[in-house]
Amino acid sequence: MFSNRGRRTAAIVAALTATVVLTACGAKTTDSATAGGAGAAIDTSGSAIKVGLLNSLSGTMAISEVTVKNSLLLAVEEINAAGGVLGKKIEPISEDGASDWPTFAEKSQKLISEDKVAAVFGCWTSASRKAVLPVFEKNKSLLFYPVQYEGLEQSPYIFYTGATTNQQIVPGLDYLKAQGKTSVYLVGSDYVFPRTANKIIKAYAEANGMKVLGEDYAPLGSTEFSTIVNKVKAAGAAAVFNTLNGDSNVAFFKEYKAAGLTAGGMPVVSVSIAEEEVKSIGTQYLAGQLTAWNYYQTTEGAANEKFVKAYKAKYGEDKPTSDPMEAAYVSVYLWKAMVEKAGSFDVEKVKAAAGGITFDAPEGKVTVDGTTQHISKTARIGRIGDDGLITEVWNSGQAITPDPYLKGYPWASGLS
Amino acid sequence: MRLLRKPVTGFAIGAVLLFGVAPLALGDFRLDLLAKYLCFAIVAVGIGLAWGRGGMLTLGQGFFFGLGGYAMAMHLKLADAGPGQMPDFMLLYGQLDELPWWWRPFANPLFALSATVLLPMFTALLLGLLIFRRKVRGAYFAILSQALCAAFAILLIGQQGTTGGTNGLTNIQGFFGYDLNDPVNRRTVYFIVAAALLAVLALTWQLMRSRYGELLVAVRDGEERVRFLGYDPANVKLVAYVAAAGMAGLAGALFVPAVGIVSPAMIGVVPSIEFVIGVAVGGRASLLGPALGAIAVAWAKTALSERVPSAWTYFEGLLFILPIVFLPGGLASLAGTIRRRSRPSAVVETPAPAKVEVTT
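Chains as they are written, first to last, in the numbering used here: chain A, 3 to 418; chain B, -8 to 351.
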């Protein structure tokens, strides 16, 4: 079918392809020496040092992640006003992860290889973190991840400044147990965090004589909850443990109230509802319900007063601060402290300097654990008030050492 | 003769650009991105065939892309884990003692490789037989194909222990024994993708120029008439649909080593629509239009989101609307339009015929 000329072209193309493919054979998976190569090249030449901010600025996660970006920018601004890091101003480069996991991977690679950033701050969902993890490990570059998550992970190139399960979910369960609640019903969105969290909750419940009366998942973004709420009501559990994310909470709590269930009769403990989400769900549906976090806007202390005041001055009086925002703010300061202790932006030196670094964070004093690269945090159970703010009803008294694989909990031995 | 020569020249130029200019002009990172765009272009060529030539608005190519992608990723995950071992995420999320039965055959590289293309084609064949024999077409066909990929994405998310759920299959280290972290090997992956695109283009060109191609266009423009001529339109459409599915599966399979991840985010309704947008922008009825459109749209997405991270989606939307409003034939018809406008003859005065067929 090809004309003569076409035949010739086709032959040339075929030959070209063959040569290129045959000659270009790189390292095999078995030769471990070549894998990864040298560490990330960081551009330290100018008077400024670049860092990447990787958040979803569009798509379903934008509502939450934009607040994290704002908080990161606030920290950068404050540090620059105080003279920067090692005499260099921080130059933030923002990229949009677009709530799409392969895009997160693409953008993190861009920040590392094109912008040659010293560190990247951001990601929210576990799926986005799992997508970028190989990119950071491959390039030996740093990610600071600011959101509570399901644990069972410890990448050498990620610092986790949000809570792992033993700093949020386990204290939440301890609180319910102390309140005499002997049965729970689990409701969550259908993705990795709720499913893993519920696995941990079930193991805890079994060891602590608590009954799990049911476990239901709704697709992310689902707004149909009449069936689930009816099942919850019929089960008659003492409390509900809620790992729903985003908009689904609005529909769930409306349905919950419509079914006649109350915070007094069957309280809901939520782990993904912070001040920003309370605002969008509506306090009339949430007042009296419980949350488990490490920080609230109302948390006492001079550091928090300063943080809240600075945030509101920059972004508006009506803008609340929340746990992930605080963890993001803290992550920039921790990175600064690590770099200054190391006296270098070099990733390996920064990592080596990380252990034992402390910071007077808005949530209280936090310490970086050098082994797990998580930070110690105080667990706080809060009650949502009529004004949309969350007030603390219980706290762990002291900062809890991070234990991402729950090694210190005998009941969790079968989990990982 | 002129018509014949043009695609050949285009083919040669494309080969030189892909194999000569691009690797020299682009850094490692940009070349990786181009490999990703070329995967989308392979899907687009298939959509061009099924939609542009066959009139079937395939809004669910993400389904076939996903089948191919998961088939490849499952094999690579098993290869990473080593013989007899389970992939890392299964140990983390699943409560399984051994590999599920439907994972096992993918340990065989030959099975996995052929499954990436044959599995989507076989599924498309079954679906196509049901759909086309019952004369489902138009909007109903589009809705059906979309429902299919939505259902597939939900299924994958629900089975976290065995499919990785929303995370998908990530952290893929090797590609048939070659370390994907090595830039040399990543470059090889790019060449494989580029060669696959050229092969798919050549195949589609042959299909379009053959008697079958004529028949396909005839079915698009007047299905009943073709039926009265004694052909069975269902079979004609089936071939294009199955071919498009095979191409989407191949693209999905190549996407995995090129990007290193496959997840339900690449399969659902939105990515499936994005595939079609690229085709519409490029010009659905031509050979190169869909491929160029897909590359252009993917490139624009990257470029715009790097320049204006907080407002790029508006520009992207504008970019979709403008060509479709002002260039219904897509970018591929741009040259023709300019030629018509610049010719100082009566052609300028007479409005373009309502049904300008874009020739290739």
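In this text, a Cβ means the ideal position worked out from N, Cα and C, and glycines have one as well. This structure is a prediction, so every number in the text was calculated from the model and none was measured.
- Query: Beta-carbon of MET3(A) versus every beta-carbon of chain B: anything under 9 Å?
  - Reply: Only weak support is given to the placement of MET3(A): the predicted model assigns it a pLDDT of 43, under 50, and the value that follows is read from those uncertain coordinates. At least one chain B Cβ lies under 9 Å of MET3(A).
- Using the Cα positions of VAL12(B) and ILE183(B), report the straight-line distance between them to the nearest angstrom. 16 Å
- Message: At the level of alpha carbons, what is the spacing between GLU302(A) and GLY384(A)?
- Response: Cα-Cα distance, rounded: 13 Å.
- Item | Inter-residue spacing [alpha-carbon to alpha-carbon] between ALA37(A) and ARG177(B) | Note that ALA37(A) has pLDDT 42, beneath the 50 cutoff, so the model's placement of it is unreliable and the number below is only indicative. Each residue's alpha carbon lies about 13 Å from the other.
- Task: Give the straight-line distance between the Cα atoms of LYS30(A) and ASP170(B), rounded to the nearest whole angstrom.
- Result: 5 Å
- Proximal residues to THR105(A) (C-beta, below 7 Å), its chain only, five neighbours per side dropped: GLY99
- Amino acids of chain B, ordered along the chain, whose beta-carbon sits closer than 7 Å to that of TYR335(A): Within 7 Å Cβ-Cβ: nothing; TYR335(A) doesn't reach chain B, min ~24 Å.
- Message: Check whether chain A comes within 9 Å of SER277(B), counting only Cβ atoms and requiring the distance to be less than that.
- Response: Chain A, which has no Cβ nearer than 9 Å to the Cβ of SER277(B), makes this no.
- Item | SER110(A): first and last residue of the uninterrupted alpha helix (DSSP H) it sits in | 103 to 115
- Message: Against SER263(B), what residues of chain A qualify as contacts under a CB-to-CB distance less than 8 Å, listed in chain order?
- Response: The premise fails here: SER263(B) is roughly 14 Å from chain A at the closest Cβ pair, so nothing lies under 8 Å.
- Query: If contact means a Cβ-Cβ distance below 9 Å, which residues of the stretch 286 to 298 of chain A contact chain B?
  - Reply: The stretch 286 to 298 of chain A vs chain B, Cβ under 9 Å: nothing.
- Task: Taking the CB atoms as reference points, tell me whether GLY156(B) and TYR193(A) lie closer together than 9 Å.
- Result: yes
- Excluding the five sequence neighbours on either side, which residues of its own chain have a C-beta within less than 6 Å of the C-beta of PHE2(B), listed in chain order? none
- Contact list for the stretch 233 to 255 of chain B against chain A, Cβ threshold 8 Å: Residues passing the 8 Å Cβ filter: VAL250, GLY251, ILE252 and SER254.
- For ASP98(A), the first and last residue of its enclosing beta strand (DSSP E): 91 to 98
- Exposed or buried, which one is ASN352(B) when buried takes at least 16 other CB atoms within 10 Å? The question about residue 352(B) has no answer here: the residues shown for chain B are numbered -8 through 351.
- Query: Using a Cβ-Cβ distance under 9 Å, would ASN226(B) count as near chain A?
  - Reply: no
- Determine the extent of the beta strand (DSSP E) in which ILE355(B) is found, giving its start and end residues. In the structure displayed, chain B extends from -8 to 351; residue 355(B) sits before or after that span and is not available.
- Item | Near-chain A residues of the stretch 76 to 100 of chain B - C-beta to any C-beta below 7 Å | LEU83 and TYR84
- Message: At the level of alpha carbons, what is the spacing between ALA42(A) and ALA120(A)?
- Response: 9 Å
- Task: Could you tell me whether the Cβ of ARG124(B) comes closer than 9 Å to any Cβ of chain A?
- Result: Chain A has no Cβ within less than 9 Å of the Cβ of ARG124(B).
- Item | Endpoints, beta strand (DSSP E) assigned at ILE160(A) | Going by DSSP, ILE160(A) is part of the beta strand (DSSP E) stretching over 160 to 162.
- Message: Can you confirm whether the stretch 146 to 162 of chain B touches the stretch 267 to 283 of chain B when touching is taken to mean that 3 or more C-beta pairs between the two stretches lie within less than 8 Å?
- Response: no
- Using a beta-carbon distance below 9 Å, is ALA107(A) in contact with chain B? yes
- Query: Listing by chain order, which chain A residues have their CB less than 9 Å from the CB of PRO74(B)?
  - Reply: Result: empty, since nearest Cβ-Cβ is about 13 Å, beyond 9 Å.
- Task: Along the alpha helix (DSSP H) that carries GLU205(B), what are the first and last residues, could you check?
- Result: 202 to 212
- Item | Three-pair Cβ contact test at 8 Å for the stretch 130 to 137 of chain B versus the stretch 214 to 225 of chain B | no
- Query: Under 9 Å between the Cβ atoms of VAL334(A) and SER143(A)?
  - Reply: no
- Query: Under 9 Å between the Cβ atoms of GLY213(B) and ALA70(B)?
  - Reply: no
- Task: Report, in whole angstroms, the separation of the C-beta atoms of GLY37(B) and MET238(B), which I expect to be a contact under 8 Å.
- Result: 3 Å
- Which residues, taken in chain order from the stretch 41 to 69 of chain A, show a beta carbon closer than 7 Å to some beta carbon of chain B? LEU59 and SER60
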